[in-house]
Amino acid sequence: AIRIGYRHIDCAEVYQNEKEIGEAIVEVIAEGVVTREELWITGKVWNDRHREVEKSCRESLDDLGIDYFDLFLVHWPFPNYHAPFASPDDRNPDSKPFSKEEYLDTWKQMEKLVDKGIVRNIGTSNMTIPKYEATLPHMRILPAANEMELHPCFQQPELFDYVVSKEIQPIGFSPIGSPRRPDRDRTEGDAVDIDHPVVQKIAKRLNVHPAVVCIKWGIQRGQVTIPFSVKSPQLSANLEASVVDPLTTEEMSEMKTVDCNSRLIKGQVFLWEGAKGWEDLWDLDGTVTS
Numbered sequence: 001a002i003r004i005g006y007r008h009i010d011c012a013e014v015y016q017n018e019k020e021i022g023e024a025i026v027e028v029i030a031e032g033v034v035t036r037e038e039l040w041i042t043g044k045v046w047n048d049r050h051r052e053v054e055k056s057c058r059e060s061l062d063d064l065g066i067d068y069f070d071l072f073l074v075h076w077p078f079p080n081y082h083a084p085f086a087s088p089d090d091r092n093p094d095s096k097p098f099s100k101e102e103y104l105d106t107w108k109q110m111e112k113l114v115d116k117g118i119v120r121n122i123g124t125s126n127m128t129i130p131k132y133e134a135t136l137p138h139m140r141i142l143p144a145a146n147e148m149e150l151h152p153c154f155q156q157p158e159l160f161d162y163v164v165s166k167e168i169q170p171i172g173f174s175p176i177g178s179p180r181r182p183d184r185d186r187t188e189g190d191a192v193d194i195d196h197p198v199v200q201k202i203a204k205r206l207n208v209h210p211a212v213v214c215i216k217w218g219i220q221r222g223q224v225t226i227p228f229s230v231k232s233p234q235l236s237a238n239l240e241a242s243v244v245d246p247l248t249t250e251e252m253s254e255m256k257t258v259d260c261n262s263r264l265i266k267g268q269v270f271l272w273e274g275a276k277g278w279e280d281l282w283d284l285d286g287t288v289t290s
């Protein structure tokens, strides 16, 4: 990906591939393909490490073979751990609702990473407006970015506008609707972005795959898109989408009609005893669910 022209690498301890990514980074830097300063490397602290943020960060840096992160995120606002590849019905008995006090303690640890120079920017992920309202006034260093699910069928306009108004850069994961997401993240009624008639119509005009339309839309909207692929032709097409044949103003307006509030990554495995359902994770009633 770096050889093709990619410069943003989105990492996380829970992805279990940081050592392999680190080997690739060291290789391309040694070959002179790119310098460290030309890369933007994002990392994340996983849920079960909210009390040892610096240790988690330094371990990821070591695995990646770098000495600083450009951006380091709190992956989820809960310290609720689940085993890798857990099923949707699995529950950790130690899981609990969001705690403002515990989150702010984690955030203070994040701020110290900036103070020590091992992280340039810190940010949030999978946050909600009620959680922001509870925590932002108490932060010394405000989030530079929020990573959130964003794709044409799930545009999150209220949260998107909120973070932009706070000068928090939205980063959109699952930008084409995550068609290869694991079975545990699939539920009946989930929208399929690349099958939407509007997306397909625009794709036909541009003679591109519908996934490329989704990426173009995200970039033109102002969000950082982080598509996933391991195939070189798809990597090239995704990168080209950022600079070639933008959607027209009319098409961008038409893309707004694609939104059907279809959240795909619901986070069921993070639920606590007594939670009614995945909706409790996202504060859908406008208040922090406890």
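So for the sequence shown, our numbering puts the first residue at 1; every next one is plus one. Quick reminder that beta carbons are idealized off the backbone N, C-alpha and C, glycines included.
From the DSSP output, in three-state form, read off residue i for me.
i, result
"I171", "strand"
"I21", "helix"
"S56", "helix"
"F154", "strand"
"S125", "strand"
"F301", "The structure shown does not extend to residue 301, since the chain spans only 1 to 290, so no value can be given for it."
"H138", "helix"
"W40", "strand"
"V45", "strand"
"V199", "helix"
"V14", "helix"
"V224", "strand"
Whose CA, out of the options, lies closest to the CA of residue i?
i, options, result
"S178", "V192, S165, E167 and S87", "V192"
"A145", "Q155, I171 and M255", "I171"
"N47", "D115, N17 and T124", "T124"
"F69", "D90, S60 and A237", "S60"
"N92", "W272, F78, K166 and G286", "W272"
"F270", "I176, D90, I118 and A203", "D90"
"W217", "E188, R186 and P175", "P175"
At what residues does the alpha helix (DSSP H) containing residue i begin and finish?
i, result
"A211", "P210 to R221"
"D115", "K100 to K116"
"T249", "T249 to K256"
Near residue i, which residues of its chain fall below 6 Å by C-beta distance, leaving aside the five closest residues on each side in sequence?
i, result
"Q200", "P210"
"D63", "E18, K19 and G22"
Which two residues bound the contiguous beta strand (DSSP E) that contains residue i?
i, result
"A145", "A145 to E149"
"D10", "H8 to D10"
For residue i, verify whether its CB is less than 8 Å away from any heavy atom of the ligand ZN.
i, result
"H75", "Because no ligand of any kind appears in the structure shown, any question about the ligand ZN cannot be addressed here."
Who are the near neighbours of residue i in its chain, counting only those whose CB is closer than 7 Å to its CB and skipping five residues on each side?
i, result
"S87", "R184"
Ordered along the chain, which non-local residues of its own chain (more than five positions away) have a Cβ less than 8 Å from that of residue i?
i, result
"I219", "T225, A241 and S242"
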